[in-house]
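Residue numbering for the sequence shown is 41 to 244, as defined by the working numbering. Think of the CB as a built atom: it goes at the ideal place given N, C-alpha and C, for glycine as much as any other residue.
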Amino acid sequence: MTGKGCLKRRLARGLAMAGAALIWASSATSAADWMTLTSTSIRDGERIPVKFGANDPKRACSPKTPDKICPCPGQNVSPELSWNGVPKDAKSLAILMYDIDGRFGAGVSHWVAYNIAPTATGLAEGDGTAGKGFTGGAGTRGNADYVGPCPPEGDGPHHYMITLIALDLAPTLPKGLSREAFMDTAAGHMLASATIGGLFARKY
């Protein structure tokens, strides 16, 4: 299934997977402090432009055929992100990008970025390199930088969500945290969250 309505349902499931603490963080934020996340690169609920996809020339076509190579079609450019309404008591921000359909539903972490200054209002297109305003964690492939979408050959569009999280933690977390390790560390310290999502397939 594709379409904006389907994406919203899948994103809701993805947020549930992120844990009750993240959902609580969103619901606990008052309307006056509501945090929003937008992008000039990605239209929420629609297809992600190819340039933001991965550009790995040696990516396997599918986990079922690891020796058959199907290069990813993108340029691995990270999308522009802007936000507003960060809670006044936030001490740092984080960004997570997650493919909720990856690995047959187990999920794939594409980007783990944290220790972002609470005064920041966004990241420019292409600034997904660790050190450009954030500390890089570790995606599913061990990547500290942004890695764009590239589902297996033959799959329908996968659903990707990008979540901004406001924390009351100082921006001193160590580099290399996986998504799971970050969520464990952030539990009980999340003040608010905002999410946008899009779809990506190798062939459009």
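Scanning its chain for C-beta atoms nearer than 6 Å, with the 5 sequence neighbours on each side dropped, one finds around residue 218 the residues 178, in chain order. By the 16-neighbour rule on beta-carbons within 10 angstroms, residue 202 is buried. When DSSP states are grouped into helix, strand and coil, residue 225 belongs to the helix group. Beta-bridge partners of residue 139 (DSSP): 148, 200. Rounded to whole angstroms, the separation of the alpha carbons of residue 118 and residue 109 is 24 Å. Secondary structure of residue 240 (DSSP, three-state): strand. In the DSSP assignment, residue 86 forms a beta bridge with 238.
A distance below 8 Å separates the beta carbons of residue 173 and residue 160. The residue from 237, 207, 192, 236 with its alpha-carbon nearest to that of residue 106 is 192. Segment contact: the stretch 76 to 95 against the stretch 139 to 149, fewer than three CB-CB distances shorter than 8 Å; contact not assigned.
In the structure shown, residue 108 adopts extended strand secondary structure according to DSSP, grouped into three states. Listed as beta-bridge partners of residue 154 by DSSP are 175. Here residue 153 is buried: its Cβ has 16 or more other Cβ atoms, across all protein chains shown, within 10 Å. Within the same chain, 90, 91, 92, 93, 94, 95, 188, 189, 190 come within 8 Å of residue 114 by CB-CB distance, once the 5 residues on both sides are set aside.
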